[in-house]
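Numbering-wise (this note's numbering), the sequence shown opens with residue 1 and increments by one.
See structure below.
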Amino acid sequence: MSGAALGLEIVFVFFLALFLLHRYGDFKKQHRLVIIATLLAWYLCFLIVFILPLDVSTTIYNRCKLAVNSSPAESNGSYITLAPSKQKCFKPWSYIPDGIMPIFWRVVYWTSQFLTWILLPFMQSYARSGGFSITGKIKTALIENAIYYGTYLLIFGAFLIYVAVNPNFNLQWNQLQTIGIAAANTWGLFLLVLLLGYGLVEIPRSHWNGAKRGYLLMKTYFKAAKLMTEKADAEENLEDIMEEVRKVSESIKYNHPLRKCVDTILKKCPTEYQERMGRNMDDYEDFDERQNSYPSEKSLAKLHKQVIYSVQRHRRTQVQWQILLEQAFYLEDVAKNESSATRQFVHTFHSQEPENKIIQYFYTPTVEWYWECLLRPWFYRVLAVVLAMFSVIVVWSECTFFSTKPVLSLFAVFIQLAEKTYNYIYIEMACFLTIFFLSICVYSTVFRIRVFNYYYLASHHQTDAYSLLFSGMLFCRLTPPLCLNFLGLTHMDATISHKNTQPTAYTSIMGSMRVLSFIADGFYIYYPMLVVILCIATYFSLGTRCLNLLGFQQFMGDSEMTSDLIDEGKELIRREKRKRQRQEEGENRRREWKERYGNRDNSTRSRAVHTDQKESSFSETNANRPLSKYTRSNGRTERDRIELLQDAEPLDFNADSINDDPLESDSGR
Numbered sequence: 001m002s003g004a005a006l007g008l009e010i011v012f013v014f015f016l017a018l019f020l021l022h023r024y025g026d027f028k029k030q031h032r033l034v035i036i037a038t039l040l041a042w043y044l045c046f047l048i049v050f051i052l053p054l055d056v057s058t059t060i061y062n063r064c065k066l067a068v069n070s071s072p073a074e075s076n077g078s079y080i081t082l083a084p085s086k087q088k089c090f091k092p093w094s095y096i097p098d099g100i101m102p103i104f105w106r107v108v109y110w111t112s113q114f115l116t117w118i119l120l121p122f123m124q125s126y127a128r129s130g131g132f133s134i135t136g137k138i139k140t141a142l143i144e145n146a147i148y149y150g151t152y153l154l155i156f157g158a159f160l161i162y163v164a165v166n167p168n169f170n171l172q173w174n175q176l177q178t179i180g181i182a183a184a185n186t187w188g189l190f191l192l193v194l195l196l197g198y199g200l201v202e203i204p205r206s207h208w209n210g211a212k213r214g215y216l217l218m219k220t221y222f223k224a225a226k227l228m229t230e231k232a233d234a235e236e237n238l239e240d241i242m243e244e245v246r247k248v249s250e251s252i253k254y255n256h257p258l259r260k261c262v263d264t265i266l267k268k269c270p271t272e273y274q275e276r277m278g279r280n281m282d283d284y285e286d287f288d289e290r291q292n293s294y295p296s297e298k299s300l301a302k303l304h305k306q307v308i309y310s311v312q313r314h315r316r317t318q319v320q321w322q323i324l325l326e327q328a329f330y331l332e333d334v335a336k337n338e339s340s341a342t343r344q345f346v347h348t349f350h351s352q353e354p355e356n357k358i359i360q361y362f363y364t365p366t367v368e369w370y371w372e373c374l375l376r377p378w379f380y381r382v383l384a385v386v387l388a389m390f391s392v393i394v395v396w397s398e399c400t401f402f403s404t405k406p407v408l409s410l411f412a413v414f415i416q417l418a419e420k421t422y423n424y425i426y427i428e429m430a431c432f433l434t435i436f437f438l439s440i441c442v443y444s445t446v447f448r449i450r451v452f453n454y455y456y457l458a459s460h461h462q463t464d465a466y467s468l469l470f471s472g473m474l475f476c477r478l479t480p481p482l483c484l485n486f487l488g489l490t491h492m493d494a495t496i497s498h499k500n501t502q503p504t505a506y507t508s509i510m511g512s513m514r515v516l517s518f519i520a521d522g523f524y525i526y527y528p529m530l531v532v533i534l535c536i537a538t539y540f541s542l543g544t545r546c547l548n549l550l551g552f553q554q555f556m557g558d559s560e561m562t563s564d565l566i567d568e569g570k571e572l573i574r575r576e577k578r579k580r581q582r583q584e585e586g587e588n589r590r591r592e593w594k595e596r597y598g599n600r601d602n603s604t605r606s607r608a609v610h611t612d613q614k615e616s617s618f619s620e621t622n623a624n625r626p627l628s629k630y631t632r633s634n635g636r637t638e639r640d641r642i643e644l645l646q647d648a649e650p651l652d653f654n655a656d657s658i659n660d661d662p663l664e665s666d667s668g669r
């Protein structure tokens with residue numbers, strides 16, 4: 001089993017990152033480089049979280065070997081004997097051989113840092129650029145990132161000058177590397193505490209509110225009102241942009257040098273707008289540079305960027321509106337079925353997507369009723385209580401993890417108790433649950449936050465390239481300080497435990513933080529205590545109230561504006577529900593008409609075909625009969641035709657005028 005656990009987790013984490021990226025990104029429409037870069041960033045961050053417990057168990061086993069193999073005289077030297085007596089150390093099932101973990105952490109860490117500080121910011125600017133060629137996009141990305149990169153180079157250059165001038169400092173390359181790592185971790189820890197303080201309160205509260213059907217339905221109505229406003233705004237913005245595109249397309253003709261740029265813009269427009277512009281365009285009219293003023297390539301690049309943004313936003317609001325309608329209809333069905341005496345879950349509308357037969361076989365209407373109306377609320381309440389207990393433990397440990405005598409951090413107590421008995425399964429499970437809960441609190445906040453339309457992770461393949469790359473940057477910057485904070489909570493970091501023990505392979509890559517004592521002994525220890533203030537602020541919804549006062553509508557039960565938006569959303573949902581009911585009724589009537597009169601129409605049609613065949617066969621037989629029987633009658637008919645021709649008056653072609661209109665002639669009928 002040596003190294004097998006590492007390989008299994010590497011494969012599992014890859015498919016986990018691929019699944020999440022497929023849920024938020026669009027593999028068919030987005031650029032492959034964007035997908036690969038985002039997948040690599042997410043994969044490396046998730047991999048650090050999953051592999052770190054294996055590093056902890058391997059480190060504890062190595063400490064045990066050193067304690068057992070060392071003599072009493074050696075035990076007072078470089079390593080402290082942790083075992084109370086010399087006993088045999090059992091190798092953990094997930095043991096990783098020596099030399100693998102340092103190389104693994106070095107590759108993972110520096111790759112993630114290269115992504116977050118260099119590659120992903122450049123790709124963000126490249127993805128948002130409206131250039132029409134690769135060279136133009138690269139040029140725009142370099143210009144936009146010049147200030148970004150220049151700021152860091154200026155700070156780093158000033159620091160190097162200060163070190164070179166000051167004779168008290170004699171820094172080497174390893175120490176400079178440690179200082180760079182400490183600066184990156186300090187920035188990440190600053191953001192980590194903000195996100196962690198929000199997630200520790202909001203995640204248990206959201207699950208507790210998830211058990212309240214009325215609360216969820218009211219919040220869905222509120223979201224519907226806000227989303228309808230955003231949807232209308234997106235449609236209006238798209239109309240304005242398409243009008244500008246139409247004017248540009250009509251002014252720049254087929255033989256203009258910038259016509260290729262216009263065609264590139266037209267390809268990004270929706271299909272109905274492309275057809276409309278194609279009908280109104282005359283490609284055979286030449287352009288005249290002297291009479292007309294044409295837009296420049298720079299203005300076309302700006303228009304191209306606006307088209308990409310407006311089309312993406314319009315498509316996202318349309319998809320989100322349909323998803324929100326399905327959620328609202330389902331919550332209304334749950335509210336109706338709670339009082340059902342038959343205990344059979346009845347849907348108002350049938351699902352538009354085909355259901356899986358296996359799920360449909362097991363998840364019957366009776367099972368669905370018991371789960372949705374009876375079991376699910378209690379399950380959410382129990383889960384919320386468990387998550388709240390974890391949050392309390394995390395807050396307590398964040399405030400007391402610097403205390404080593406006595407050990408007050410509960411996570412450190414759990415790990416040290418398991419370390420005495422060398423129960424590696426318990427150690428790995430405790431470490432995994434701890435860091436997994438911390439990462440859920442942080443990463444879920446990254447998925448929830450929205451910075452206007454600048455950054456927004458939307459599910460169902462509606463996230464743009466810029467937001468995907470930005471999320472990858474955040475993950476790469478948050479994961480290293482998150483892991484260091486976890487090692488500090490469990491006292492596996494020598495900087496916190498103040499013990500001269502063998503460090504984990506992860507902390508050995510980070511280097512000794514003693515180079516910057518004010519960060520190691522000050523910021524890293526006391527700044528995480530601010531999580532208490534952030535948790536209190538989140539519990540009382542201070543941020544939501546501030547945004548509501550600034551004019552950003554937020555869901556608050558005691559707000560008059562929230563009540564108005566709930567009523568508006570309820571009316572919108574009711575209107576959409578009536579529309580869908582009329583559509584389904586029309587489809588049902590057409591289906592019943594086909595089922596009732598379809599066979600009758602087919603029989604009538606076959607009867608008519610049979611009659612036509614009989615008539616054609618009858619005429620053919622009459623044509624084949626002898627003509628001697630009808631010779632007299634045919635002669636009489638011929639004589640009558642001759643008499644009619646003799647009685648007809650001849651036309652006078654010598655008349656002065658001929659009137660073609662019979663209604664204006666003197667002798668009418």
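From the three backbone atoms N, C-alpha and C, an ideal C-beta is built for every residue, glycine too.
For residue i, does the count of other Cβ atoms within 10 angstroms reach 16, so buried, or fall short, so exposed?
i, result
"L142", "exposed"
"F411", "buried"
"Y506", "buried"
"S665", "Low confidence applies here, because S665 scores a pLDDT of 40, under 50, leaving its location unreliable and the question unanswered by this model."
"H31", "exposed"
"A158", "exposed"
"V11", "exposed"
"I509", "buried"
"K570", "buried"
"I103", "exposed"
Can residue i and residue j be called in contact, C-beta distance under 8 Å?
i, j, result
"S409", "T421", "no"
"Q124", "F470", "yes"
"A328", "A224", "yes"
"M473", "T116", "yes"
"V201", "Y539", "yes"
"P204", "S391", "yes"
"Y24", "S459", "yes"
"P480", "G180", "no"
"E372", "F345", "yes"
"I265", "L258", "no"
Please state the DSSP three-state secondary structure of residue i.
i, result
"Y456", "strand"
"R450", "strand"
"M556", "coil"
"C483", "helix"
"W93", "coil"
"V346", "coil"
"G210", "helix"
"V407", "coil"
"P365", "helix"
"K226", "helix"
"F132", "coil"
"Q322", "helix"
"T501", "coil"
"E275", "helix"
"I252", "coil"
"P204", "helix"
"G7", "helix"
"D564", "helix"
Can you give me the Cβ contacts of residue i inside the same chain, cut-off strictly under 6 Å, excluding the 5 residues immediately before and after it?
i, result
"I60", "E419"
"A211", "P377, Y380 and R381"
"I642", "The pLDDT assigned to I642 is 44, lower than 50, so where the model puts this residue is not dependable; a value taken from the coordinates is nonetheless given after this. Correct list: empty, nothing qualifies."
"A234", "R313, H314 and T317"
"L383", "H207"
Assuming residue i and residue j make a contact with CB atoms under 8 Å, what is their CB distance in whole Å?
i, j, result
"Q462", "R590", "Rounded, the Cβ-Cβ distance is 33 Å, inconsistent with contact."
"S112", "L44", "5 Å"
"V248", "L303", "7 Å"
"G150", "A301", "With 8 Å as the limit, G150 and A301 do not qualify as a contact, their Cβ atoms being about 23 Å apart."
"V334", "I241", "Not a contact, Cβ separation roughly 40 Å."
"Q322", "L227", "In fact, because the Cβ distance is near 11 Å, the residues do not count as touching under 8 Å."
"T490", "C431", "7 Å"
Looking only at its own chain, which residues have a Cβ that is under 7 Å from the Cβ of residue i, when we skip the five neighbours before and after it?
i, result
"T562", "F222, F555 and M556"
"V442", "L192, L195, L196, G199, L478 and L482"
Can you give me the Cβ contacts of residue i inside the same chain, cut-off strictly under 8 Å, excluding the 5 residues immediately before and after it?
i, result
"V413", "V407"
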